[in-house]
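Numbering (the working numbering), first residue to last: 8 to 164. Even for Gly, the Cβ is constructed at its ideal location relative to N, Cα and C. Down below is the structure, laid out as structure tokens.
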């Protein structure tokens, strides 16, 4: 059974645009590479042709994978989400109780995660530990560096 992925409107649009780019210009570029390699002569000893055909196979596999993700994608309506507890798309302000550092993260789909902009995947250890929790709760989350204790300060959209 395919895994359901949740996306914001922007994230879903980016996925559709990337898929369209792969189907059009991506396929066209690979076809040109194959044609150029074919023009170079004997295909049985043509490493460039073999490499182009392998690239074509990988490209088609990526298209297939993206189509499957898109087929199982669900659009989240942020306006209808509960802000009393941490859910996907929540913006959560947390405090590290060990060093008093405060940080803010938005929990997003894995494909939309970007630490530079404060977006973490709902599949990450921190996000998994935060899901379902409420403001004021203190939680211990196991991360690669060990256990860290956090307090949830604020939840917003």
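Three-state secondary structure assigned by DSSP to residue 92: In the structure shown, residue 92 sits in a strand (DSSP, three-state: E or B).
Contact the stretch 16-34 vs the stretch 93-103: 3+ CB pairs below 8 Å: Contact between the stretch 16-34 and the stretch 93-103 is not established, with fewer than three Cβ pairs separated by less than 8 Å.
Closest Cα partner of residue 77 within the set 153, 146, 13, 163: 13
Alpha-carbon to alpha-carbon, residue 164 and residue 84: Each residue's Cα considered, the two are about 11 Å apart.
Secondary structure of residue 16, DSSP reduced to three states: helix
Cβ-Cβ distance between residue 48 and residue 116 below 8 Å: no
Neighbourhood of residue 30 by C-beta distance below 7 Å, restricted to the same chain and skipping five residues each side: 70
Boundaries of the alpha helix (DSSP H) in which residue 140 is found, first to last residue: Residue 140 -> no alpha helix (DSSP H), and no H or E assigned at all.
Beta-carbon spacing of residue 145, residue 156 below 8 Å: yes
Candidates 32, 11, 54, 52: closest to residue 75 by CA position: Ranking 32, 11, 54, 52 by Cα distance to residue 75 puts 11 first.
Cβ neighbour criterion (16 or more within 10 Å) applied to residue 15: buried
Endpoints, the alpha helix (DSSP H) within which residue 129 is located: Run containing residue 129: none; DSSP gives neither H nor E here.
Rounded distance between the beta-carbons of residue 99 and residue 118, thought under 8 Å: With 8 Å as the limit, residue 118 and residue 99 do not qualify as a contact, their Cβ atoms being about 20 Å apart.
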